[in-house]
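Written out below as structure tokens is the structure these notes cover.
Numbering (the numbering used here), first residue to last: 17 to 244.
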């Protein structure tokens, strides 16, 4: 029974985790534009519906949605503000001198014609909605599957590693090796923190609240790079 569950979890990871990287590679490298964006959306839809389908039809468990508690708000706010400060301070003291703004802007225009209105709307989506989707997918689904394969602490680092891969691809497209290394490290550490929070509290809400605050900081930095 245990072996069967481990095989199921491994299969679940094999049919889910690679699609984040496939979407990134197709939209940023192989087919930037309409085709790549379409494939990216299809991959995201797959990752949105797969966890629920897996729960209902493979594991045959009911879907339960818990409400955020006061503790979730407090933990999320504390972690989020810490991440917010680290991101802005790192950009202000280091990344401003590392990033070739014109090069990044030129590469972005190859992916799509980005204006300020589109950027604001996209930012609102990534801050409010995508952060929730990522916690739902990476912590509730992926971390839980990792935990069925390896011990809890090892699962924390394994899930964080999976979470980092597609972010590293995006960084490699737009920035140099210093940003790739530093950005990947930051994403990995954030993934470890969020996976550990889920391991302890079994709730995605504190992660979501801190994630959206961190994404707000990233959006501010991106605005300065693209339009500042």
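By construction, the Cβ of each residue, glycine as well, lies at the ideal position given by its N, Cα and C atoms.
query	result
Identity of the residue in 200, 226 and 185 nearest residue 45 by Cα	185
Inter-residue spacing [alpha-carbon to alpha-carbon] between residue 77 and residue 68	10 Å
Where residue 167 sits in the DSSP three-state scheme	coil
Residue 195 to residue 118 span [Cα, whole Å]	15 Å
Three-state secondary structure (DSSP) of residue 17	Residue confidence for residue 17 is low, a pLDDT of 44 falling below 50, so the modelled location carries little weight; the figure read from the coordinates is stated next. Looking at residue 17 - three-state DSSP - the assignment turns out to be coil, as it is neither helix nor strand.
Beta carbon of residue 176 nearer than 9 Å to that of residue 140	no
Three-state secondary structure assigned by DSSP to residue 199	helix
Cut-off 7 Å between Cβ atoms - residues of its own chain near residue 219, not counting five sequence neighbours on either side	82 and 88
Alpha-carbon spacing of residue 134 relative to residue 48, whole angstroms	17 Å
Nearest-angstrom Cβ-Cβ length linking residue 222 and residue 91, presumed shorter than 8 Å	4 Å
Residue 240 versus 226, 167 and 132, residue with shortest Cα-Cα distance	132
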